[in-house]
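Input: a single structure, listed below in structure tokens.
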């Protein structure tokens, strides 16, 4: 994660990746008692239930997997070509209860990195079904073996989507996509969700909100916000416009204290995106 187009969006190609520490500042009593503190009429008690029950959508059982592949520099073109040949066919095959939501390469920061986002309709059983079927897929197993020769390292996470975010949907392109990943302090996930449940309203001016996720398996206490913009200037204008809404400064102030670090990825649509879109139209 909006407008829905005729093509399936697939994240951009090369993110601007950089790290920034979000410093913890002293809390001002007056600010805590301000308008923002009373903004959320429904507070969730973090001791009552698991994050997956309190924050995730109840009307569906979607599970997401995000993959980060660090590719050998000399192999990036071959890696992209290999993915282009295999992944769209899996996405288009109804035999597999999964969808390739997006795929792209990092642009600035951590170079030669590929990122893939998958959705499994049916939760963990769907994930297990796909994994078992892929083990019997000769083409996919050959793809994995060939891919392994091109990688320096890889990692993944299983994610659930926040109940207050839109589900990632097709949208007309081309766009640039921004993935903002936050490592939260343990115990602050519910508070984060409470803030953003209302704050997301400030960031819908241009339908830029694509999806919001939190980790279930893999690196814990991770949050990923995915945004789409027509271009870099549109991104700047849209983000600046958010500051004109009363309360946005409070969102930034309070959520900044909940995160240990922030990783930002900006990406342009890769050539791979167009081919995946074509496969998804079928």
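Residue numbers (our numbering): 23 to 304.
All C-beta atoms in this analysis are idealised placements derived from N, C-alpha and C, irrespective of residue type, glycine included.
Straight-line Cα distance separating residue j from residue i
i           : j           : result
residue 175 : residue 212 : 32 angstroms
residue 239 : residue 148 : 16 angstroms
residue 228 : residue 245 : 22 angstroms
residue 164 : residue 103 : 14 angstroms
residue 192 : residue 108 : 21 angstroms
residue 86  : residue 275 : 29 angstroms
residue 41  : residue 288 : Interpretation of residue 41 is limited by its pLDDT of 30, a score under 50 that renders its predicted location unreliable; the figure taken from the coordinates is listed afterwards. If you take the alpha carbons of residue 41 and residue 288, they lie about 12 angstroms apart.
residue 159 : residue 166 : 11 angstroms
residue 173 : residue 145 : 28 angstroms
residue 67  : residue 100 : For residue 67, the predicted structure reports a pLDDT of 47, less than 50, and the residue's modelled location is therefore unreliable. A value from the coordinates is still provided. One C-alpha to the other measures close to 49 angstroms.
residue 106 : residue 243 : 32 angstroms
residue 258 : residue 83  : 34 angstroms
Simplified DSSP state of residue i, which is helix, strand or coil
i           : result
residue 186 : coil
residue 280 : coil
residue 214 : helix
residue 114 : helix
Closer than 9 angstroms to chain C by CB, residue i
i           : result
residue 221 : Going by chain labels, chain C is absent from the structure shown, which holds only one protein chain.
Cβ-Cβ distance between residue i and residue j below 9 angstroms
i           : j           : result
residue 269 : residue 236 : no
residue 118 : residue 171 : no
residue 139 : residue 206 : no
residue 247 : residue 182 : no
residue 137 : residue 198 : no
residue 161 : residue 111 : yes
residue 285 : residue 203 : yes
residue 260 : residue 218 : no
residue 265 : residue 222 : no
Cβ neighbours of residue i in the same chain (closer than 8 angstroms, five flanking residues each side left out)
i           : result
residue 95  : 133, 134
residue 180 : 85, 86, 87, 149, 237, 238, 239, 240
residue 234 : 23, 183, 184, 186, 187, 218, 222, 245, 246, 247, 248
Residues near residue i in its chain [Cβ-Cβ closer than 7 angstroms; skip 5 each side]
i           : result
residue 152 : 118, 119, 120, 142
residue 168 : 104
6 angstroms Cβ shell around residue i - same chain, five flanking residues per side excluded
i           : result
residue 262 : none
residue 177 : 90
residue 250 : 197, 199, 230, 232
residue 224 : 264, 267, 270
Those residues which DSSP pairs with residue i across a bridge
i           : result
residue 121 : 141
residue 246 : 203, 235
residue 91  : 136, 176
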